[in-house]
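Trainee: Its first residue numbered 2, the sequence shown is counted upward by one per residue in my numbering. By construction, the Cβ of each residue, glycine as well, lies at the ideal position given by its N, Cα and C atoms.
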Amino acid sequence: MSYLKKKYIIKYLFEFIVIVVGISVSFWLNEISIDNQNENERIKVLNSLKMEVNEIRSYCDERLNRWSSDRQILRMFLDADGMRFNVDSLLKLTTSKNSIEFNLIYFRVFDPPMNRYYSVINAGTLKFVRSDKIKEILSRLHNTYFSYVKTTVEYEKLLKEDFVSFLATNHPDIIIAGADNKVSTEKYCNLLYKSINNDKKLKSNLIVLNDYLGTKLTFIRLYINIIDELEYELNQVLK
């Protein structure tokens, strides 16, 4: 082989190696860039979920306190679970007739903030979360246990819709007293307590309502436990 041919072969081989190395380096740098982007997205999603967990926890704490107070008031009127009717004790829980009436005929919604979670789902960015444990907890929180609480609220809503009609038809004096500013909260409480104890249908309706409130409290406590579990896992992966 002539010197000139060897020279050309070496030259082309060198150029080929340079091209291959260049492509490899470019591919490697691109992979690093993609990995960095994915990591940034992962951290972004995790931080977003953590922020929402804190928001949901605050919301649930407020709901839990409110629902617990609602049930405590109801149990006093029913003399249930060791509670005894006492106007002074009731007035420590609420001084408002409207609050007591609300407890009887209206329901409190359960709509925790979940916009961030739905945004992550709709955008498809949940794929950046590598932890299967976090994904599983998110599913339990936003699907399974959320539906448990929501269902008890819906049952309570249906019960109270029927109860409003019953109360207006059979105990209009309670409705009228609730709307009359001249009737004190103390007098209203005594009237309601007397009506409950003189009407088995009224009392039975309220006993059923008390059971629903108890179930609702049980499920929201379970829901809060899942929130705590999720918060722990998020903190672990964000360390």
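Who are the near neighbours of V165 in its chain, counting only those whose CB is closer than 7 Å to its CB and skipping five residues on each side?
Mentor: As a position in the sequence shown, residue 165 is number 164, starting the count at 1. If we look at V165 and ignore the five residues flanking it on each side, its Cβ neighbours are I106.
Trainee: Roughly how many angstroms lie between the CA atoms of A180 and R85, to the nearest whole one?
Mentor: Along the sequence shown, one-based indexing puts residue 180 at 179. Along the sequence shown, one-based indexing puts residue 85 at 84. When rounded, the distance between both Cα atoms is 26 Å.
Trainee: Would you say the region 124-131 touches the region 186-195, given that touching needs at least three Cβ pairs under 8 Å?
Mentor: Verdict: no, contact absent.
Trainee: Just to confirm, is the Cβ distance from T126 to V54 under 8 Å?
Mentor: If you number the sequence shown from 1, residue 126 lands on position 125. If you number the sequence shown from 1, residue 54 lands on position 53. In this structure, V54 does not lie closer than 8 Å to T126 by Cβ.
Trainee: Are L193 and I175 touching if we call contact CB-CB under 8 Å?
Mentor: The residue labelled residue 193 in the question sits at position 192 within the sequence shown. The residue labelled residue 175 in the question sits at position 174 within the sequence shown. Yes; because the gap between Cβ atoms is below 8 Å, this pair is in contact.
Trainee: On the criterion of 16 or more Cβ atoms from any shown chain inside 10 Å, does D71 qualify as buried, or is it exposed?
Mentor: Here residue 71 corresponds to residue number 70 of the sequence shown, with the count starting at 1. Counting Cβ neighbours within 10 Å, D71 comes out buried, since at least 16 surround it.
Trainee: Under 8 Å, Cβ to Cβ, is there at least one residue of chain D near V88?
Mentor: The chain inventory of the structure shown lacks chain D, comprising one protein chain alone.
Trainee: Using the three-state DSSP reduction, which class does A81 fall into: helix, strand or coil?
Mentor: For this step, residue 81 is matched to residue 80 along the sequence shown. Of the three classes helix, strand and coil, the one that applies to A81 here is coil, per DSSP.
Trainee: With a threshold of 16 other CB atoms inside 10 Å of the CB of D67, please say whether the residue is buried or exposed.
Mentor: If you number the sequence shown from 1, residue 67 lands on position 66. The residue you asked about is not Asp; residue 67 is Arg in the sequence shown. Answer is exposed; the Cβ neighbour count stays below 16.
Trainee: Check whether the region 133-148 touches the region 79-98, taking contact to mean three or more Cβ pairs, one atom from each stretch, closer than 8 Å.
Mentor: Taking 8 Å as the limit for Cβ pairs, the verdict is that the region 79-98 does not touch the region 133-148.
Trainee: Specify the secondary structure class of L239 as computed by DSSP and reduced to three states.
Mentor: The residue you call residue 239 lines up with position 238 of the sequence shown. Three-state DSSP puts L239 in coil, outside helix and strand.
Trainee: Since L142 is in the alpha helix (DSSP H), which residue starts that stretch and which ends it?
Mentor: Along the sequence shown, one-based indexing puts residue 142 at 141. That residue, L142, is in no alpha helix (DSSP H); it is neither H nor E in DSSP.
Trainee: Report all residues from its chain with a CB closer than 6 Å to the CB of D163; omit the five preceding and five following residues, and keep chain order.
Mentor: Translated into positions along the sequence shown, residue 163 becomes position 162. Correct list: empty, nothing qualifies.
Trainee: Would you tell me roughly how many angstroms separate the C-alpha atoms of N236 and L94, rounded to the nearest one?
Mentor: The count along the sequence shown starts at 1 and reaches residue 236 at position 235. The count along the sequence shown starts at 1 and reaches residue 94 at position 93. The straight-line gap from Cα to Cα measures roughly 37 Å.
Trainee: Applying the 10 Å Cβ sphere with the 16-neighbour rule, what's the burial state of N116?
Mentor: Locating residue 116 in the sequence shown gives position 115, where the first residue counts as 1. Its Cβ having fewer than 16 others within 10 Å, N116 is exposed.
Trainee: From the DSSP output, in three-state form, read off T95 for me.
Mentor: Residue numbering aside, residue 95 sits at position 94 when the sequence shown is read from its first letter. Note: T95 maps to coil in three-state DSSP.
Trainee: Taking all protein chains shown into account, decide if N48 is buried (16 or more other Cβ within 10 angstroms of its Cβ) or exposed.
Mentor: Your numbering for residue 48 matches position 47 in the sequence shown. So N48 counts as exposed.
Trainee: Please report the straight-line C-alpha distance between N144 and T170, rounded to a whole angstrom.
Mentor: Along the sequence shown, read from residue 1 onward, the residue named residue 144 stands at position 143. Along the sequence shown, read from residue 1 onward, the residue named residue 170 stands at position 169. Their backbone Cα atoms lie some 39 Å apart in a straight line.
Trainee: Which of the three DSSP states, helix, strand or coil, is assigned to K183?
Mentor: Here residue 183 refers to the residue found at position 182 when the sequence shown is read from its first residue. Correct three-state label for K183: coil.
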